[in-house]
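Here the sequence shown is numbered in our numbering, starting from 1 and rising by one per residue. The beta-carbon is built from N, C-alpha and C at its ideal position, and this holds for glycine as well.
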Amino acid sequence: MFDSLKGSNTNVDIVVNNAGISGPVTCFANSSLDDFKSTVAIHLTGTFWISVQALRVMKEGAKIITISTFFAEERPLEQRPYRFRDPYTASQGAKNRLAEAMSWELVDRGIISIATNPGPVHSDRIYKTVYPKAASEFLRVSGFEGLSPVEVESASKEIVPLLGEDEDVIKEGIAKAADNLAKSKGGDAQKHVETLTNLLDKIKTVAEKIQKNTSRMIANQQFLTQAQVAKTVLTLCDDEQAKILNGRVIPGDRVFYPVRPHIATATPSVHQPDFTSKVVVFAINATDKTDADRVEFLAQNIEKNGGKAVCLISDSCSKEIQDSISSKFHSHTINLKDPEEIDRWIEAAKSQGQIAAVINITGNLPQISKLVELSRKEWDDLVDKFINTPATVVQRALNYFVPGGGSDPRLFKDKTGTVVTIGPDLPAGKITGIQRATIEVFRGALRPFTVTVNQELSDVLKSKVRAFLVLPGTVDGKEPNNENIVQAINYFVSEYSPSSGTVIFCVDEER
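Have a look at this one:
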């Protein structure tokens, strides 16, 4: 499209990024990683690549307006978890930070970038898919009338699309779903018709309750209309308004969404734990020697306190980094993008002792000039490194701590386990606005992802498994202190961490 526009000497004045899908509506432990990556690709990469291509036909005064969502990260210290929507909230949070970063990168061209975050908007999609799918997930977690979680999930995929259809269509659809259930489960198909009719009624009731509870967080209890969202976007396109608001993320909602405080600086102090007969698995995606030095520092602390460090080194790391780490610790070089390979090596690590924690080192952001100057492959590599791979490691660690918990969420109750993502760091030294804004795109994905995963673990699954995020570095460019990360890990594996609502730690921010 943009090739055609450029060939005809046509300029684009305004781009509105509004591509998006619901994505999987389920606990992250049960989410398809392919669906996770697809959702991120549509929301985040779609926004990035459309913007980059549009820049070829944009001149001074042009505008990029990005529509994100209220249910994500609007500001870096404001986290709004959105249970069952992990890839959605991760990519939307990153989109907000991307809009900010592009405003820094495009200032010399006089092109403006603004984001806006609508709250709930009236649409068929939200009533027929989003809320019913969320209701289905609640019922999958608990089970329903003798149906297992797997059976609830399978049946829901068949019957939820029937909502809003004529009675004859609903009866026919339920009968077909009941026949399929009888084939897999056995039993009387007519009895299954009764069960699935009740299930659909329950899904409808719970979906309406979710909708009503959401509306109660709005002063006038009314969702936005499509026209109101359009009015917001058009207002932001006004030349004078756009100049004033360039680089900002504009709230476009009336929602008062009560959330716990999820972000802190230093972790609470605890005694040094004894790691005797325990294993800590490090999944390492190091970028440079600084990352390798951090791994060695953290692993040495585990081993000097009686434990065993097992290092799973990404095959994308340099040979120098691979050799440096593997010469000091029990190590394997693996493909960290492959969930089956991660499963296999985590399972192998337990032969060394009880696994106390799985820790992913994302590595630092490679040296780049501007995001908008990246090739598609360079961008995709960053998304894999800082979003998709951390998500893969977290999910496979959850699968280790609660085997089968994805398909049977009841297994999560009261189980324990510790998963930690470390990085990416804020840059050290004299930091430019572009540098800070660039790294925040990826930190802006990991923050809402982390709080959403933990909301599911604690509030929905009643589990004591936790997934923590450590963000080293400071806003004023001080060097990160790895000892602060050691103290954080000590706290994470302690008995105190599961009861805290705080799951993200900026460990170097102190006065």
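Alpha carbon of residue i to alpha carbon of residue j, nearest angstrom
i: residue 431; j: residue 474; result: 10 Å
i: residue 161; j: residue 128; result: 7 Å
i: residue 242; j: residue 455; result: 36 Å
i: residue 217; j: residue 259; result: 12 Å
i: residue 99; j: residue 233; result: 14 Å
i: residue 197; j: residue 156; result: 11 Å
i: residue 317; j: residue 325; result: 11 Å
i: residue 252; j: residue 92; result: 14 Å
i: residue 171; j: residue 213; result: 30 Å
i: residue 163; j: residue 285; result: 45 Å
i: residue 219; j: residue 256; result: 8 Å
i: residue 261; j: residue 80; result: 10 Å
i: residue 85; j: residue 17; result: 20 Å
i: residue 342; j: residue 106; result: 40 Å
i: residue 408; j: residue 402; result: 10 Å
i: residue 150; j: residue 204; result: 19 Å
i: residue 429; j: residue 132; result: 49 Å
i: residue 451; j: residue 40; result: 17 Å
Start-to-end residues for the alpha helix (DSSP H) that takes in residue i
i: residue 392; result: 389-401
i: residue 9; result: From DSSP, residue 9 is part of no alpha helix (DSSP H); its letter is neither H nor E.
i: residue 118; result: Counting along the chain, residue 118 falls outside any alpha helix (DSSP H), though it belongs to the beta strand (DSSP E) covering 112-118.
i: residue 449; result: 433-455
i: residue 46; result: 46-54
i: residue 292; result: 289-304
i: residue 365; result: Unbroken run through residue 365: none, as it is neither H nor E.
i: residue 281; result: Not the alpha helix (DSSP H): residue 281 falls in the beta strand (DSSP E), residues 278-284.
i: residue 159; result: 149-159
Close-in-space but distant-in-sequence residues of the same chain around residue i (CB under 8 Å, 5 per side omitted)
i: residue 32; result: 24
i: residue 459; result: 83
i: residue 215; result: 120, 221, 222, 223
i: residue 57; result: 2, 5, 6, 10, 11, 12
Residue i, DSSP secondary structure in three states
i: residue 322; result: helix
i: residue 95; result: helix
i: residue 486; result: helix
i: residue 495; result: coil
i: residue 132; result: helix
i: residue 248; result: coil
i: residue 357; result: strand
i: residue 506; result: coil
i: residue 382; result: helix
i: residue 73; result: strand
i: residue 237; result: helix
i: residue 331; result: strand
i: residue 180; result: helix
i: residue 520; result: Residue coverage of the chain in this structure runs from 1 to 511, which leaves residue 520 outside it and unanswerable.
i: residue 461; result: coil
i: residue 415; result: coil
i: residue 226; result: helix
i: residue 25; result: coil
i: residue 312; result: strand
6 Å CB neighbourhood of residue i in its chain, flanking five on each side removed
i: residue 506; result: 265, 471
i: residue 513; result: The shown model of the chain, from 1 to 511, leaves out residue 513, and the question about it has no answer.
i: residue 94; result: 44, 441, 444, 445
i: residue 195; result: 145
i: residue 158; result: 177
Residue i: CB within 7 Å of a non-hydrogen atom of the ligand FAD
i: residue 195; result: The model on display carries no ligand, and the ligand FAD is accordingly not part of it.
Own chain, CB closer than 7 Å to residue i, minus 5 neighbours either side, in chain order
i: residue 406; result: 29, 30, 399
i: residue 280; result: 302, 307, 309, 356, 357, 359
i: residue 423; result: 361, 362, 363, 364, 472
i: residue 513; result: Coverage of the chain is limited to positions 1 through 511, which leaves residue 513 absent and any answer about it impossible.
i: residue 229; result: 118, 121, 252
Where the beta strand (DSSP E) through residue i begins and ends
i: residue 271; result: Run containing residue 271: none; DSSP gives neither H nor E here.
i: residue 63; result: 63-67
i: residue 36; result: Per DSSP, residue 36 belongs to no beta strand (DSSP E); it is in the alpha helix (DSSP H), 33-40.
If contact is defined by three or more beta carbon pairs under 8 Å, each pair taking one atom from either stretch, is the segment 40-58 in contact with the segment 141-157? no
Counting pairs of beta carbons, one from the segment 266-286 and one from the segment 131-141, are three or more of them closer than 8 Å? no
State whether the segment 347-355 contacts the segment 365-384, with contact taken as three or more CB pairs (one from each stretch) at a distance under 8 Å. A contact between stretches requires three or more CB pairs, one per stretch, nearer than 8 Å, and the segment 347-355 fails this requirement with the segment 365-384.
State whether the segment 334-343 contacts the segment 388-404, with contact taken as three or more CB pairs (one from each stretch) at a distance under 8 Å. Three or more Cβ pairs drawn from the segment 334-343 and the segment 388-404 lie within less than 8 Å of each other, which places the two stretches in contact.
Does the pairing of the segment 54-73 with the segment 408-422 give three or more beta-carbon distances under 8 Å? Three or more beta-carbon pairs separated by less than 8 Å are not found between the segment 54-73 and the segment 408-422, which leaves the two stretches without contact.
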